[in-house]
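For the sequence shown, full-length UniProt numbering assigns the number 1 to the initial residue and increments by one for each residue that follows. Virtual Cβ for every residue (Gly too), placed ideally from N, Cα, C. Small disclaimer: the values here were computed from a predicted structure and weren't measured.
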Amino acid sequence: MAIHAQRADASHLDQVANLFDAYRGFYKQPSNLPQSRAFIAERIAQDESAIFLALDDNGEALGFVQLYPTFSSIDAHRTWLLSDLFTTPAARGRGVGTLLMNTARAFALSTGAKGLVLETATDNFGAQRLYESLGYVRDTGYYTYCLDLKQG
Numbered sequence: 001m002a003i004h005a006q007r008a009d010a011s012h013l014d015q016v017a018n019l020f021d022a023y024r025g026f027y028k029q030p031s032n033l034p035q036s037r038a039f040i041a042e043r044i045a046q047d048e049s050a051i052f053l054a055l056d057d058n059g060e061a062l063g064f065v066q067l068y069p070t071f072s073s074i075d076a077h078r079t080w081l082l083s084d085l086f087t088t089p090a091a092r093g094r095g096v097g098t099l100l101m102n103t104a105r106a107f108a109l110s111t112g113a114k115g116l117v118l119e120t121a122t123d124n125f126g127a128q129r130l131y132e133s134l135g136y137v138r139d140t141g142y143y144t145y146c147l148d149l150k151q152g
């Protein structure tokens, strides 16, 4: 069965929201479909991210990737943060992740971006293998710091 990727719009909201909720679950967040739906709806409505959806011939959603625009002051160029990548468990091993990653790359190139950056969990070995197989290089020169503004 053929799989294709397309940019998600408001007509894909429910499909993306379900995948996004499952993605959050993968990272140990409690399921909250209304919150996931509202978050994705706002990203689409405000054009704050680029979301690409992988679909099979029957229109079944198999995965998604979400990119946020950002800029590199050091390089003085646009770059894209590849924030979210998720494929359904049934779709894994079928090339869906590679399709979505290559779609993200083509999109970034089409915008004149200098590159794509991403983070993943240190124990997400499957994702690390995928990224490295596609030419991504682990950064060893920088640390990532976070400041939680919603403590307590």
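Please report the residue range of the beta strand (DSSP E) in which I3 lies. I3: member of the beta strand (DSSP E) spanning 3 to 7, first to last residue.
> Is it the case that the Cβ atoms of M101 and L81 are separated by a distance below 9 Å?
Replying inline: Cβ atoms of M101 and L81: not closer than 9 Å.
**Assigned secondary structure, G135 (DSSP; H/G/I helix, E/B strand, else coil)** = Three-state result, G135: coil.
Exercise. Could you say which of I3, P34, H4 lies nearest to D14 if we only look at CA atoms?
Key: P34 is the residue among I3, P34, H4 whose C-alpha sits nearest the C-alpha of D14.
**Study point:** DSSP bridge partner residues for Q15 (one or two, in chain order)
**Key:** DSSP output for Q15 lists no bridge partner at all.
Report task. Quick one: give me the first and last residue of the alpha helix (DSSP H) that I51 is part of. Result -> Note, I51: premise wrong, no alpha helix (DSSP H); beta strand (DSSP E) at 50 to 56.
Review point. Going by other Cβ atoms of all chains shown within 10 Å of its Cβ, with 16 needed for buried, is S36 buried or exposed?
Key: Classification for S36: buried.
**OP:** Can you give me the start and stop residues for the alpha helix (DSSP H) that Q29 sits inside?
**Re:** Looking at the DSSP string, Q29 is not in any alpha helix (DSSP H), and its letter there is neither H nor E.
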